[in-house]
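**Student:**
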Amino acid sequence: LQMTSDLSKALKGKELFLDVQPKLNLRDSRAFSVEALARWRHSKLGLIPPDEFIALAEETGQILDLGRQVLTKAMEFIVDWRAAHTSSLSVAVNLSAKQLHDKNLLSDIALIVSHYEVDPSWIEFEITESVVMDNVESSLRLFNALKKMGFRIAIDDFGTGYSSLSYLNKLPIDILKIDRSFIAQLPDNQDDLAIVSAIISMAKSLNIEVVAEGVETEGQYQLLGELGCEQLQGYYFAKPGSLQDYIQKPWSFW
Ligand code: G
Ligand code: G
Ligand code: NA
Ligand code: MN
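Note that UniProt numbering numbers the sequence shown so that position 118 is 672, with each residue one more than the last.
Below is the structure:
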């Protein structure tokens, strides 16, 4: 209860902010996108783990307000970034189950994005596979609407949510993000290797981009390249970091 009212205060004040984590393309060794990750620095408790406050916000419904603030801050980032750099960059924003069922979601998104005059094709929405599989009909409707508006759709934590493969074909998906639990034991774990190669070939044959999450080692990076997974995200390349740092940093991957 205390945390709920503290989160309300945070949503009105300045305790919430974003970190971003780049995703790299192996073809040209450039970051082509960053994922926006919500952070809460509580005035007394310090940084609250996102898993905790996202789950709380999801329970209380505060996730709707939080989601609008995350998207707004992501738009501010992309505007600042484009003013400082010549290469293009897109931004990925996470959507939760409750947002999927919010009847104002599409109009809120349209309002925020048009206010910043950001091209919708620079924005990816990430939704976890398990949320999609629990809500196939509403996901299909939402994704179709978002696609019509020009946004891109990524399925997050792929491999953990028991997708029926037939759904993958029906949903207008641009990107699959292989869950980091399948990457963690590479290159040694033969079962994970089989799963990851199968996901990569399936994505390719369906014409869907594929991203490996949680890449932490040189060995994982080498192997994923050999398997033809060109888009990588993880501590090996870049940890989530502050917007200001990433905008200003003369970083070799921009
Ligand atoms: O940032 P990372 O530390 O630890 O994130 C933890 C979890 O919180 C991840 O599953 C991530 O997707 C989720 N998360 C981070 N930011 C947001 C957000 O803005 N919206 C939603 N729905 N989830 C988020
Ligand atoms: O669920 P989602 O994929 O949105 O989660 C993003 C979370 O993954 C963030 O909390 C981020 O800090 C974390 N993360 C990003 N890269 C790595 C990595 O290489 N290893 C681990 N263990 N976590 C990572
Ligand atoms: Na995500
Ligand atoms: Mn993920």
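Every residue, glycine too, gets a C-beta built ideally from N, C-alpha and C.
(1) Is it right to say THR640 is buried, meaning 16 or more other beta carbons lie within 10 angstroms of its own, or is it exposed?
(2) Is the beta carbon of TYR789 within less than 6 Å of some heavy atom of ligand 2?
(3) Find out if the Cβ-Cβ distance for the pair ILE754, GLY782 is shorter than 7 Å.
(4) Alpha carbons only, please: which of ILE749, PRO726 and PHE705 is nearest the one belonging to residue 809?
(5) Could you give the DSSP three-state label for ALA738: helix, strand or coil?
(6) Would you mind reading off the limits of the alpha helix (DSSP H) that contains THR558?
(7) CB of SER650 to nearest heavy atom of ligand 1: below 6 Å?
(8) How should ALA592 be labelled, buried or exposed, when 16 other C-beta atoms within 10 angstroms of its C-beta is the threshold for buried?
(9) Smallest Cα separation from SER806: which of PHE791, GLY567 and GLY795?
(10) Is ILE681 near ligand 1, going by C-beta to nearest heavy atom under 6 Å?
(11) Tell me which same chain residues have a C-beta within less than 8 Å of the C-beta of ALA564, skipping the five on either side of it?
(12) Considering only heavy atoms of ligand 1, does any lie closer than 6 Å to the CB of VAL624?
(13) Buried or exposed for TYR646, going by 16 or more other Cβ atoms inside 10 Å?
(14) Does at least one heavy atom of ligand 2 sit under 6 Å from the Cβ of PRO603?
(15) Cβ-heavy atom distance between ALA592 and ligand 1 below 6 Å?
(16) Would you tell me roughly how many angstroms separate the C-alpha atoms of VAL686 and PHE586, rounded to the nearest one?
(17) What distance in whole Å lies between the Cβ atoms of GLY768 and ARG734, which are believed to be in contact at a cut-off of 8 Å?
(18) Any idea which residues DSSP pairs LEU786 with across the strands?
(19) How many Å lie between residue 512 and GLU683 at the Cα?
(20) Could you check whether ALA708 and ILE729 sit closer than 7 Å to each other, using their CB atoms as the reference points?
(21) With the cut-off set at 7 Å, would you say ILE617 and ALA611 are in Cβ contact?
**Tutor:** According to the data block:
(1) exposed
(2) yes
(3) yes
(4) As shown, the chain starts at 555 and ends at 808. That puts residue 809 outside it, with no answer to give.
(5) coil
(6) 556-566
(7) yes
(8) buried
(9) PHE791
(10) no
(11) LEU570, TRP594 and HIS596
(12) yes
(13) Note that residue 646 is Ala in the sequence shown here, rather than Tyr. Buried: at least 16 other Cβ atoms inside 10 Å.
(14) no
(15) yes
(16) 25 Å
(17) 2 Å
(18) LEU578 and ALA766
(19) With the chain covering 555 to 808 only, the question about residue 512 has no answer from this structure.
(20) yes
(21) yes
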